[in-house]
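One structure below.
Residue numbers (the working numbering): 1 to 204.
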C-alpha cells in the first residue's frame, strides 16, 4: 500500500507574444455537391492569393480541414450541399490583423468565417521551464505543510505528472458589407504559460 502525500502545484509565467495565428474558413452551399466543392475551391484560392499579396509567406498558410456535407434546410426546401475549407495563417506582424481580415473578406465575401485569432509565443521552452520550477516549488511547500500537520517528515518524490493549460478558440462570423480598418486595433498583451504538476512524496 502506497504511503505518503500527493499534491498538485501550479506555476504561471508570462511572456511577450511574437506570433499571431488566425483561422479562417471558406464555406459555400449549392444544390449540386460538385458546384459547392468547385466554388469553395475557387474562393479558397482567392483568399490564399489575397493573403499572399499582404506579405504572408506560403509556408505560413495551410489548409487544415476540408469538409463536404448536406446543408440543413427548412422542410420542403430543395436539398443542398455545403463545402468548407479551413485556412490557418501565421504571421510575425502582430499589427497586421486588419489588413489580413480585409483581404480575406474581399476575396470570399459572405462565404468567409473567422474561427479565431490567437497571440502566441513561438518558442515557449524557456517559459515552460520557469513555470515547471514554480509548480514544483509550490507542490513541495504544500507537501511539507501537510506532512507537518500529520506529524510526519517528508521523504523523496515517487511520482510526477504534468499538464498544460489549453487555449480556447472562439468562433465569429463575418459580413462582407462590413468595412474593417487596416489599422484595426488589437492588443497582444502578455501570453501566460501555466504548468500543473501532480507530485507524490513518500514519508521519510
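Backbone N, C-alpha and C define an ideal beta-carbon position, used for all residues, glycine too. It should be emphasised that the depicted structure is a prediction, and the values quoted were computed from it without experimental measurement.
I need the boundaries of the beta strand (DSSP E) containing residue 211, first residue and last residue. Nothing can be reported for residue 211, as the shown portion of the chain is limited to 1 through 204.
Please report how far the alpha carbon of residue 112 lies from the alpha carbon of residue 158, in whole angstroms. 52 Å
Helix, strand or coil at residue 210 [DSSP, three-state]: No answer is possible for residue 210: it lies beyond the span of the chain, which begins at 1 and ends at 204.
Kindly indicate which three-state DSSP category residue 205 falls into: helix, strand or coil? Residue 205 lies beyond the residue range present for the chain, which begins at 1 and ends at 204; the question has no answer from this structure.
When the distance is taken between beta carbons, is residue 4 closer than 8 Å to residue 139? no
Indicate the three-state DSSP secondary structure (helix, strand or coil) for residue 33 in the structure shown. helix
Taking its Cβ as the centre, do 16 or more other Cβ atoms sit within 10 Å of residue 59, making it buried, or is it exposed? exposed
From 105, 75, 22 and 203, pick the residue whose C-alpha is nearest to that of residue 64; which is it? 22
Check residue 105 in the structure and name its three-state DSSP category. helix
Could you name the residues of the same chain whose beta carbon sits closer than 6 Å to that of residue 107, not counting the 5 residues immediately before and after it, in chain order? 46, 47 and 50
Could you tell me which whole beta strand (DSSP E) segments of length 3 or greater appear in the stretch 75-101? 80-91
Cutoff 6 Å; reference residue 85; Cβ partners in own chain excluding five residues on either side: 26, 40, 44, 63 and 66
Could you tell me whether the stretch 186-203 touches the stretch 149-164, where touching means 3 or more Cβ pairs closer than 8 Å? yes
Taking only runs of the alpha helix (DSSP H) that begin and end inside the stretch 117-172, which ones reach a length of at least 4 residues, in chain order? 125-150
With a CB to CB cut of under 6 Å and the five nearest residues on each side skipped, what residues in its chain are close to residue 78? 31
If we ignore side chains and look at the alpha-carbon of each, how far apart do residue 69 and residue 42 end up? 18 Å
Mark residue 186 as exposed unless 16 or more other C-beta atoms lie within 10 angstroms of its C-beta, in which case mark it buried. exposed
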